Structure formats: C-alpha cells, structure tokens
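Participant:
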Ligand SMILES: C/C=C/C(=O)SCCNC(=O)CCNC(=O)[C@H](O)C(C)(C)COP(=O)(O)OP(=O)(O)OC[C@H]1O[C@@H](n2cnc3c(N)ncnc32)[C@H](O)[C@@H]1OP(=O)(O)O
Ligand SMILES: NC(=O)C1=CN([C@@H]2O[C@H](COP(=O)(O)OP(=O)(O)OC[C@H]3O[C@@H](n4cnc5c(N)ncnc54)[C@H](OP(=O)(O)O)[C@@H]3O)[C@@H](O)[C@H]2O)C=CC1
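Numbering (my numbering), first residue to last: 3 to 447.
#1: Which residue comes first and which comes last in the alpha helix (DSSP H) that contains residue 103?
#2: Check the DSSP bridge columns for residue 130 and list the partner residues they point to.
#3: Output the residue ranges of the beta strand (DSSP E) runs that lie fully inside the region 227–259 and measure 3 residues or longer, sorted by chain position.
#4: Since residue 377 and residue 175 are thought to touch, with beta carbons under 8 Å apart, how far apart are those beta carbons, to the nearest angstrom?
#5: Any heavy atom of ligand 2 closer than 8 Å to the Cβ of residue 263?
#6: Buried or exposed for residue 86, please, with buried defined as at least 16 other CB atoms from any protein chain shown within 10 angstroms of its CB.
#7: Once you ignore the five residues that flank residue 196 on each side, which residues in its own chain have a CB closer than 6 Å to its CB?
#8: If you draw a straight line from the alpha carbon of residue 70 to that of residue 53, how long is it in whole angstroms?
#9: Measuring alpha carbon to alpha carbon, tell me which of 91, 30 and 15 ends up nearest residue 63.
#10: According to DSSP, what are the bridge partners of residue 167?
#11: Considering only their Cβ atoms, is the gap separating residue 388 from residue 202 smaller than 9 Å?
#12: Return the chain-ordered list of same chain residues with a C-beta closer than 7 Å to the C-beta of residue 212, the five sequence neighbours on each side being excluded.
#13: Run through DSSP, which three-state label would residue 84 get?
#14: Would you identify the three-state DSSP class for residue 447, choosing helix, strand or coil?
#15: State the DSSP-derived secondary structure class of residue 76, mapped to helix, strand or coil.
#16: Could you tell me if residue 170 is buried or exposed, where buried requires 16 or more neighbouring beta carbons within 10 angstroms of its beta carbon?
#17: Kindly list the residues whose CB is nearer than 6 Å to the CB of residue 125, restricted to its own chain and excluding five residues on each side of it in sequence; keep chain order.
#18: Identify whether residue 392 lies in helix, strand or coil by the three-state DSSP scheme.
#19: If we count the other Cβ atoms within 10 Å of its Cβ and call it buried at 16 or more, is residue 79 buried or exposed?
#20: Kindly confirm or deny that the region 182–200 and the region 131–143 touch, where touching means at least three C-beta pairs closer than 8 Å.
#21: For residue 374, which residues of its own chain have a beta-carbon under 6 Å away from its beta-carbon, when the five flanking residues on both sides are left out?
#22: What three-state label does DSSP hand residue 294 in the structure shown?
#23: Would you call the region 284–293 in contact with the region 336–348, where contact means no fewer than 3 C-beta pairs closer than 8 Å?
#24: Taking only runs that begin and end inside the region 161–217, name each unbroken beta strand (DSSP E) of 3 or more residues, in chain order.
#25: Could you work out which residue in 393, 425, 351 and 437 is closest to residue 446 when comparing CA atoms only?
#26: Should residue 357 go down as buried or exposed, given a rule of 16 or more other Cβ atoms within 10 Å for buried?
#27: Find the nearest neighbour of residue 34 within the set 414, 411 and 400, judged by alpha-carbon distance.
#28: Are residue 317 and residue 231 touching if we call contact CB-CB under 9 Å?
#29: What first and last residue would you give for the beta strand (DSSP E) that runs through residue 418?
#30: Which one of 439, 428 and 404 has the shortest CA to CA distance from residue 50?
#31: Use the C-beta contact count for residue 353: other C-beta atoms within 10 angstroms, 16 or more gives buried, fewer gives exposed.
#32: Starting from residue 8, trace the alpha helix (DSSP H) both ways and give me its first and last residue.
#33: Can you tell me whether residue 155 is buried or exposed, with buried defined as 16 or more other CB within 10 angstroms of its CB?
#34: When DSSP builds the beta bridges, which residues end up paired with residue 448?
#35: Is residue 123 a contact residue of ligand 2, with contact defined as CB to any heavy atom under 8 Å?
#36: Considering only DSSP beta bridges, list what residue 1 is partnered with.
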C-alpha cells in the first residue's frame with residue numbers, strides 16, 4: 003500500500019508505473035458484520051449507535067471483472083445511507099448483497115459475511131478489467147454511486163430505471179470507505195483539479211441526487227424565479243440544493259434548525275430562511291394526528307418571505323414529519339419532489355390539496371451517469387462548491403457516522419482513507435485560489 007501511496011504522491015508517476023504496481027492481497031475497509039444485524043433489536047432508531055456496528059477490518063482485494071476498475075481511495079465521505087446500513091434500518095443491507103449474489107457468478111463476490119460500505123470516493127485508478135477503454139491506471143477520479151447492469155431495455159432511456167440498478171456501497175459490496183474500492187468503470191468521472199482529495203470526495207452522492215431531484219427534467223426541472231422550499235438547507239443534500247437554486251436564478255426558501263445553520267445559508271447567498279426550531283413548528287399533534295393550523299402558520303411565514311407567493315418546488319427528504327406541510331404549502335400546479343423519508347416512510351397528507359390544486363409528487367433517486375457527470379462538471383468548473391465541514395480518519399468513521407445520525411454535523415463529513423493528511427491532491431492552485439472562500443465556507447463550524 004505504501005508503494006501505491008508513494009506513486010500517487012510523486013509528481014512524475016506515469017500510467018505505466020501504476021499499471022506495474024503490485025496490488026496488495028488485502029486492504030483496510032470500513033465494514034458492518036452479518037452476524038451483528040440484530041445487535042440493536044428493541045432500541046429506538048435514535049439510540050442505535052453506529053460506533054458499535056461499524057468496524058475497521060483487513061479484507062481481501064476482490065477479483066476484478068469485465069467493465070470494472072480497482073481504485074486506490076484517497077478520501078471518501080459519510081452519507082446517510084451508511085447510517086442506515088450501520089443501524090440495520092429500514093432493513094439489513096445483507097439482504098441486498100444476497101439478492102445481488104444470486105444474479106450471476108461474478109455478482110456472488112458481493113455476498114459476503116461483511117459489507118464494505120461507502121458511496122463516495124476520490125482516488126486513483128489502479129487496474130481496469132477487460133473491456134474498459136475510457137479509463138487507465140493512474141487516472142485521478144471520483145466515482146458516482148450508480149451501479150447498473152443494463153441488460154434489460156428498461157434502463158436504456160434512463161439508467162436509474164434499470165431493474166438491476168443498485169447503489170454502490172449500499173446495495174453492493176466493496177464501497178468507498180476503504181483503502182481500495184471496486185467500481186464499474188462507468189461510475190468514474192474526472193476528479194475536479196482545484197480540490198483536495200477529501201473536498202473532491204464530499205459532493206458526489208448528494209450533489210448528483212440534488213441535481214436530478216431539483217434541476218434535471220427527470221426531477222422538478224427547476225427554472226429561473228421558482229420559489230424552492232429546501233428542507234435541511236445546510237445539510238448534505240440541502241447544501242447542494244441551495245447552491246443549485248441560487249446558481250439557477252431561483253429563490254431558495256431554506257429551512258434549518260439553528261442560528262448557525264441559518265448563517266451558513268446566508269453565507270451561501272440565500273435570503274429567505276426559516277429556523278424551524280426557533281419558530282417551533284409542530285406539524286403533528288401526536289403520533290397519529292397532524293395539525294393543519296401549523297401547515298397554515300408555516301405557509302404564512304413563507305408568504306411573508308416571498309412577498310405573498312407560494313412554493314413552486316418542495317425539495318423533500320425528511321418525510322413523515324414534514325410531508326403534509328410540504329404538500330400544503332406548494333402552489334397550484336407546483337411540485338413536491340422527494341428522495342427520502344428520514345423521519346418515517348409512511349407519509350400522510352391531505353389529498354384534497356394535491357388534486358384540487360393540480361400539484362404533483364415526483365419520486366427521485368440518485369442520478370443517472372449523465373446527470374452525475376453534469377453535476378460533477380459544475381463542481382469542476384467552480385460553479386458549485388463542496389460543503390465539507392469536518393474530516394475524520396478511517397479509524398474514526400464510526401464517530402463520523404454517529405455525528406450524521408444525530409444531526410450534529412454541517413454540510414458533509416469527510417473521511418481520509420489512504421490520504422495521510424488533509425489538503426493533498428490539488429492540481430490547479432490558480433483556480434482554487436479563485437474559489438477558496440466558497441470551498442472553505444463550511445469548514446470547522
Ligand atoms: C443514493 C443514496 C440513497 C439513499 O440514501 S436512499 C435511503 C436509504 N434507502 C432505503 O431506505 C431503501 C431501502 N430499501 C427498502 O426499504 C426496500 O428495498 C424496498 C421497500 C424499496 C423494496 O423492498 P423489497 O423487499 O426489497 O422488495 P419488494 O418489491 O417489496 O418485495 C419483493 C417481493 O414482492 C414482489 N412484488 C414486487 N412488486 C410487486 C407487485 N407490483 N405485485 C405483486 N408482487 C410484487 C416481488 O415479486 C418479490 O416477491 P418474492 O419475495 O416472492 O420474490
Ligand atoms: N434517494 C436518494 O438518492 C438519496 C437519499 N438520501 C436520503 O436523504 C436523507 C437526507 O440525506 P442528507 O441530506 O445527506 O442528510 P443530512 O443529515 O446531512 O441532512 C438532512 C437535514 O435534514 C434536516 N432534517 C432532518 N430531520 C428533519 C425533520 N424531521 N424535519 C425537518 N428537517 C429535518 C436536518 O437539517 P436541520 O436540522 O437544519 O433542519 C438535516 O441536517 C437521508 O434519509 C438519506 O438517506 C440522500 C441522498 C440520496
């Protein structure tokens with residue numbers, strides 16, 4: 003592993019040098035264990051502690067198949083899907099690996115008693131499998147997390163519609179929170195040159211998801227002037243949705259839960275901000291009953307901020323707790339676009355407000371390769387910036403996931419894998435200097 007790191011850090015390593023480097027037999031990886039899936043039985047979701055289920059193990063390097071690449075991972079990031087995996091909710095991800103393993107001989111590699119998690123990476127290609135022409139050893143890359151087989155016709159308009167569509171490092175094994183990762187080569191994209199490894203690894207999953215959900219024609223198709231209600235506007239998804247709204251000439255109405263988060267949104271350029279804690283919205287009177295008066299109070303606040311207008315697009319992900327309010331505050335003909343249900347997946351809303359006002363609910367999930375590429379291009383051009391706040395070592399990934407689970411974090415949380423320290427991997431200092439303030443906006447807060 004040391005030779006790999008030396009080659010990455012040397013300025014004159016060539017592709018041939020990387021191709022000649024021996025691949026080690028094993029590597030360090032963040033895992034959860036199949037024999038521990040019941041460890042939190044009986045506990046409330048918030049009491050399930052990722053620090054107990056997340057392990058750092060030495061694991062064998064998987065065999066490389068056709069169309070695949072082995073990547074030396076310099077840095078990764080924590081996504082909420084790794085929180086779900088580590089608390090075994092809404093179901094154990096070993097079921098996904100077993101199901102994938104049943105599909106063909108090569109996929110059997112994924113069905114193991116441990117799951118290497120993580121759906122982001124920035125690093126360097128070490129080897130490519132048969133049939134890979136677009137990438138070669140030594141290429142500096144980031145990887146998006148759509149793993150897709152494309153054997154069925156269903157996915158050929160939009161790869162997210164393929165029946166064998168999976169999220170890498172969540173529904174497949176050999177994810178990015180590790181020193182080496184196995185990806186399909188069509189997950190690879192060029193690493194933005196002005197960013198360090200950990201900055202480049204941070205946007206991937208959430209940036210691509212927010213792009214499809216908000217900007218793409220497959221999602222809400224946001225346009226200039228739209229009022230966009232963004233839940234968790236300084237969080238993982240929200241910090242990119244806020245940037246897309248601002249960069250696209252829309253008007254983000256940012257919902258956050260503290261003064262500090264409101265300040266972050268202001269520093270990104272947002273003006274309309276709602277602090278849901280300070281204003282004390284209680285959309286549910288009890289576990290079963292919502293309070294439409296609270297929807298109205300929320301809608302009135304939005305109208306105050308917009309000069310009397312309602313919401314064109316709601317960027318939804320909290321789910322059960324907020325969905326009724328989201329549907330209510332959307333304008334006639336507007337769109338609620340949802341990609342998650344962090345607070346509960348059995349939603350309830352008053353359907354009269356949906357049909358009588360011709361609103362639409364759109365389900366959105368990650369992004370196809372083209373959408374992920376376009377989202378990464380915006381990062382590479384310095385139009386959208388990473389929202390990295392804090393960086394952990396691989397050893398401390400459990401704590402990093404705990405922070406995200408308990409909503410103690412801001413923006414994105416990074417993890418150093420092979421990178422020995424922060425700040426390495428920048429190849430375009432001039433461009434970096436231009437965007438330094440924006441790149442550091444979320445750091446150490
Ligand atoms: C990029 C980052 C993303 C995120 O962070 S997203 C957040 C994290 N992700 C999640 O929380 C989602 C986790 N996934 C799930 O919870 C589950 O994954 C799903 C609920 C999405 C699906 O459940 P499942 O059990 O995997 O699949 P089924 O389709 O419910 O059950 C399979 C059985 O149901 C049958 N079935 C499916 N559709 C129909 C139908 N329309 N009519 C009749 N039967 C149907 C099938 O055939 C099969 O049956 P047979 O078990 O016998 O093989
Ligand atoms: N389908 C897909 O492709 C994807 C789905 N996801 C899912 O989206 C969800 C969010 O992910 P991500 O943004 O990375 O997570 P983060 O935790 O980084 O951000 C979510 C933010 O939402 C806000 N929030 C949380 N709970 C509530 C609530 N009950 N009511 C209102 N606001 C709430 C919080 O902000 P504040 O406290 O400031 O209000 C929080 O910071 C997760 O469930 C994740 O699995 C994520 C990426 C892709």
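Even glycine gets a Cβ: it sits at the ideal position worked out from N, Cα and C. A quick note: this is a predicted structure, and the numbers were derived from the prediction, not measured.
Facilitator: The short version:
#1: It spans 96–103 - the alpha helix (DSSP H) in which residue 103 sits, taken as one unbroken run.
#2: According to DSSP, residue 130 bridges with 71.
#3: Correct list: 229–232 and 253–258.
#4: No, residue 377 and residue 175 are not in contact; Cβ-Cβ is about 25 Å, not under 8 Å.
#5: Under cutoff, so the answer is yes.
#6: Buried: at least 16 other Cβ atoms inside 10 Å.
#7: Cβ within range, chain order: 430, 433 and 434.
#8: If I take the Cα positions, the gap works out to 31 Å.
#9: If we check each option's Cα against that of residue 63, 30 comes out closest.
#10: Answer by DSSP bridge pairing, in chain order: 150.
#11: It is a contact, given that the beta carbons lie within the stated cut-off.
#12: Same-chain partners within the cutoff: 239, 242, 243 and 246.
#13: Of the three classes helix, strand and coil, the one that applies to residue 84 here is helix, per DSSP.
#14: Three-state DSSP puts residue 447 in coil, outside helix and strand.
#15: Three-state DSSP puts residue 76 in a strand.
#16: Classification of residue 170: buried, given that the 10 Å Cβ count is 16 or more.
#17: Excluding residues within five positions, the ones whose Cβ falls inside 6 Å are 73, 74, 75 and 76.
#18: It is a strand residue.
#19: Residue 79 should be labelled buried.
#20: Short answer: they touch.
#21: For residue 374, where only same-chain residues beyond five positions count, the Cβ hits under 6 Å are 146 and 210.
#22: Residue state, collapsed to three classes: helix.
#23: Taking 8 Å as the limit for Cβ pairs, the verdict is that the region 336–348 does not touch the region 284–293.
#24: As for any beta strand (DSSP E) of minimum length 3 sitting wholly inside the region 161–217, the runs are 167–169, 182–186 and 190–192, ordered along the chain.
#25: Each of 393, 425, 351 and 437 was checked against the Cα of residue 446, and the nearest Cα belongs to 393.
#26: Exposed.
#27: Among 414, 411 and 400, the Cα nearest to that of residue 34 belongs to 400.
#28: Their beta carbons are under 9 Å apart, which means residue 317 touches residue 231 by this criterion.
#29: Residues 414–418.
#30: Taking the Cα of residue 50 as reference, the smallest distance to any Cα among 439, 428 and 404 is reached at 404.
#31: Counting C-beta atoms within 10 angstroms of its own C-beta, residue 353 has fewer than 16 neighbours from the protein chains shown and is therefore classed as exposed.
#32: Element bounds for residue 8: 4–11.
#33: By the C-beta density criterion, residue 155 is exposed, having fewer than 16 other C-beta atoms within 10 angstroms.
#34: In the structure displayed, the chain extends from 3 to 447; residue 448 sits before or after that span and is not available.
#35: Checking the Cβ of residue 123 against ligand 2 gives no.
#36: Residue 1 lies beyond the residue range present for the chain, which begins at 3 and ends at 447; the question has no answer from this structure.
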